[in-house]
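Everything below concerns the one structure shown next.
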Amino acid sequence: MSRRSSGRESCSISMTNSWSTRFPQLLCLVLLAAGCGSAPEAVPPPDIDAANAFRLVSEICDIGPRPSGSDGGARTAQYIVDTATAYGYEPIQDTWTERTARGSIEFTNITVELRGSSDESFIIIGTHFDTKILAGTAAFIGANDGASSTALVLELMRTLKKTPAAGRPTVRFAFFDGEEAYEQYSDSDGLHGSRRMARQLQESGRHRQCQAMILLDMVGDEDLTVTISPTDSRELRTKLFDIAERQGTRKHFGYFMKGSILDDHIPFSRLGIPALDIIDFKYGPNNSYWHTDQDTIDKLSTDSLVIVGNAVIALIWELNSE
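Quick note: the sequence shown uses numbering that gives the first Met the number 0, first residue 0, plus one each step.
In structure tokens:
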């Protein structure tokens, strides 16, 4: 026996079917309208921890002199590895031997990778950790020349590790051994670690994916005056000065007016990689503390580490947004 539906029932069924058909369409329209023209919210650049950065400087200085191939150099390399591991990284050590003016010396580079939003392009942030051998100065600890920048790169690693991978750049942190020359800078004296890493990049072809090389050196001076070489990447130095202007620290950044600066960024610049050396070559009156026993931790300031560190983070954030 068949049962005929009433008009009311037919209307109800018809409306139900119509709504069930149209609801997904309406929902899609609402979602599309809500997301139309909007991108995922950008992750703001973080700030470094000044106290932790200065603590790292102090611990590196406590190791003592760090010439390449020395016990102090080996202990510093291990300190970098241990600190990077504690921050959740897997550091890679590259150890090799070269003949130098002081005989065969063992060097060690350390690299640490931080994956970010890019699977291909990356930025290098580098520093040297060795100290120069000074005649008549047995206890040269290089508080500013080596320790300050090494500590700041470690603090940058710790800070950036806490940010979402999708909102940060891919960074290779590089700790170079053998920056200091034994006698006079040449193709076989000084920049040992950076020359080796640049050569490895070139041989692998990865230098083509390197977006920028940012070097830190002597960045803790309490009277901070960053001296950028006019021969460094125009794009990077312009961005850095603009960032310093926005952060209210522009007075601490200027140009080195005595020519180019030979430092660990040069081997990368020669490969066509945009390179920038953030260095203070006005350390003491007429740079008089540089390469002397006056380069001690009492000449440094947490404020200077913060100024440079936050500027570097803002710079790589800006590069990542391009």
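Cβ coordinates follow ideal geometry from the N, Cα and C atoms, glycine included.
Per the coordinates, the alpha-carbon of GLY177 lies some 32 Å from the alpha-carbon of LYS250. Taken atom to atom, the span from the alpha-carbon of ARG167 to that of ALA313 is near 11 Å. Counting the other CB atoms within 10 Å of its CB gives ALA165 a total below 16, which places it among the exposed residues. Counting along the chain, HIS191 sits inside the alpha helix (DSSP H) bounded by residues 191 to 203. Taking C-beta atoms as the reference points, ILE122 and GLN199 fail to come closer than 7 Å.
For HIS191, the closest C-alpha among the options LEU239, ASP292, ILE109 is that of ILE109. Fully contained in the stretch 255 to 309 are the following beta strand (DSSP E) runs of length 3 or more, in chain order: 274 to 278. A check of alpha carbon separations from LEU151 across ASP48, ASN286, GLY72, ALA274 identifies ASP48 as the nearest. Considering only SER232, ALA310, ARG205, VAL80, the residue with the shortest C-alpha distance to GLY247 is ALA310. Under the 8 Å Cβ criterion, the stretch 223 to 233 does not count as touching the stretch 133 to 148, having fewer than three qualifying pairs. For ILE132, the three-state secondary structure derived from DSSP is coil. In the DSSP assignment, GLU178 falls outside any beta strand (DSSP E), carrying neither H nor E. Apart from the 5 residues on each side of it in sequence, ALA100 sits with its Cβ closer than 8 Å to the Cβ of TYR181, GLU182, ASP188 in its chain, given in chain order. Cβ neighbours of PRO163 within its own chain (closer than 8 Å, five residues either side excluded): VAL42. The beta-bridge partner set that DSSP reports for HIS127 consists of PHE175.
Bounds of any alpha helix (DSSP H) do not take in MET217, whose DSSP letter is neither H nor E. Annotation: ARG157 to ILE124 spans about 13 Å, alpha carbon to alpha carbon.
Contact between the stretch 60 to 69 and the stretch 130 to 137 is established, with three or more Cβ pairs separated by less than 8 Å.
The beta-carbon separation of SER147 and VAL80, rounded to 19 Å, does not stay under the 8 Å limit for a contact.
With contacts defined as CB atoms closer than 7 Å, ARG171 and GLU119 fail to qualify as a contacting pair. According to DSSP, ASP231 shares a beta bridge with no other residue. In this model, LEU318 and ALA85 are separated by some 28 Å (Cα to Cα). For THR75, the three-state secondary structure derived from DSSP is helix.
The residues ARG236, TYR254, in chain order, have a CB closer than 6 Å to that of ILE227 in the same chain once the five nearest residues on each side in sequence are set aside. For VAL42, the secondary structure class from DSSP, reduced to helix, strand or coil, is coil. Selection LEU214, ILE306, ASP292, GLY204 evaluated against ILE242 yields ILE306 as nearest (Cα-Cα).
Of the residues assessed, SER287 falls on the exposed side of the cut-off, its CB having fewer than 16 other CB atoms within 10 angstroms. For ARG98, the enclosing beta strand (DSSP E) has its first and last residue at 91 to 99. GLY247 is not bridged by DSSP to any residue. In this structure, ILE59 sits near THR149, with a CB-CB distance shorter than 7 Å.
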